[in-house]
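Shown next as structure tokens:
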């Protein structure tokens, strides 16, 4: 069993370089199935979710080559199998993107219900609604979703709620069908725009990505392409909060500052100094407690749910009472008990957490319940007094590339160590 061991209390100073966006990569990799030629993808983050996705592609018959540490070539022309390997599909949530890609390529897809972080009920009903509207039929048996179609055709789809996953799957499924598909009440996240740009570089005709109406005119053929994935806004935001919490002076490089505005604005309201440059942000921490703040998670361009736990860790050391309202996932506060072990004063009532600022946090043995919960514990450990041991770090490594090494480079005392114990490499369903 591997753990992160953090000796807190060290100020952070220096530069951190942000990797490619996890949420963009896990959509773009399955999209490479659609190309009638090799795709070269740059700025690919080497994280566990990406590794699983590449193994799925390889097992299905794609030729996958690592050209360097962050560049991958995928030639999917030899894929004939439309069944995604069951055990690997269960390991991460974004495996459902294979449904849309395989459906539009072969008119058939067979994928297990996806796994990943345990954040409560995240049904795929909106995904299935899209496939049906495009002309497909589906069945679910023993946790396996099978989708078939004689012919797919353009249509108009209105999402009952804003959903990133279903928006992406609808784009993938509609990109080669006959006619025009219009997606209304679509999600607007940066990785949706990145997927649209990738598909358009292959010859697709997608308009309006980044707005709530996306129009997709089906094309007959998509060619191979070379494309660089955008920087990860959540990784960048996590290190921004870490720099603020631990204090010091950190420059976050290889970012798109516009994508980080919902995060930057909240930090500045708390009293963090942020200097914006073309592709970097400088975070200057304070020696004094930050101001209390209320925040509510919302779909983009609102405050991202994936940054809520990290901000909670920062707010535990702020002045006064802060309130966090979670409007996206029902089980996003599973990290609270672990922060309480470290001395945080947090109470939860449904989707609302009330945080009373305390003078200090103290290191303790804690466990990561999911990806972003683990990031919150990392931040808490960096500013806590004493040693923090974090278990179940496989959750964290699903979405952060070389996290310990990047933090050590700016002055953190953090190492990854192997401890005797049962195999922890099981993803919570």
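Numbering (this note's numbering), first residue to last: 1 to 429. The beta-carbon is built from N, C-alpha and C at its ideal position, and this holds for glycine as well.
Segments assigned beta strand (DSSP E), at least 3 residues, entirely inside the region 152–223: 156–158, 180–184, 205–207 and 213–217
Span separating the alpha-carbon of residue 23 from that of residue 357: Distance from the CA atom of residue 23 to the CA atom of residue 357, rounded to whole angstroms, is 32 Å.
Spatial neighbours of residue 328 in its chain, beta-carbon cut-off 6 Å, leaving aside the 5 residues before and after: 297 and 305
Straight-line Cα distance separating residue 130 from residue 269: 40 Å
Validate contact between the region 307–315 and the region 399–409 using beta carbons, cut 8 Å, 3 pairs: no
Cα-Cα separation, residue 192 to residue 340: Taking the straight line from one Cα to the other gives about 36 Å.
Bounding residues of the beta strand (DSSP E) (the contiguous stretch that carries residue 321): 321–325
Proximity of residue 169 and residue 136 at Cβ, strictly below 9 Å: no
Presumed contact (8 Å Cβ cut-off) between residue 64 and residue 58, rounded CB distance: 5 Å
The region 171–191 touching the region 154–161, judged by at least three CB pairs closer than 8 Å: yes
Residue 410 - DSSP class collapsed to helix/strand/coil: In this structure, residue 410 counts as coil in the three-state DSSP scheme.
Distance between residue 84 and residue 436 (C-alpha atoms, nearest Å): Absent from the model: residue 436. The displayed extent of the chain is 1 to 429, so no value can be given.
Start-to-end residues for the beta strand (DSSP E) that takes in residue 108: 108–112
First and last residue of the uninterrupted beta strand (DSSP E) at residue 55: Premise fails: residue 55 lies in the alpha helix (DSSP H), 48–60, not in any beta strand (DSSP E).
Straight-line Cα distance separating residue 126 from residue 160: 7 Å
DSSP bridge partner residues for residue 343 (one or two, in chain order): None, per the DSSP bridge assignment.
Cα-Cα separation between residue 197 and residue 238, rounded to whole angstroms: 26 Å
Straight-line Cα distance separating residue 138 from residue 398: 30 Å
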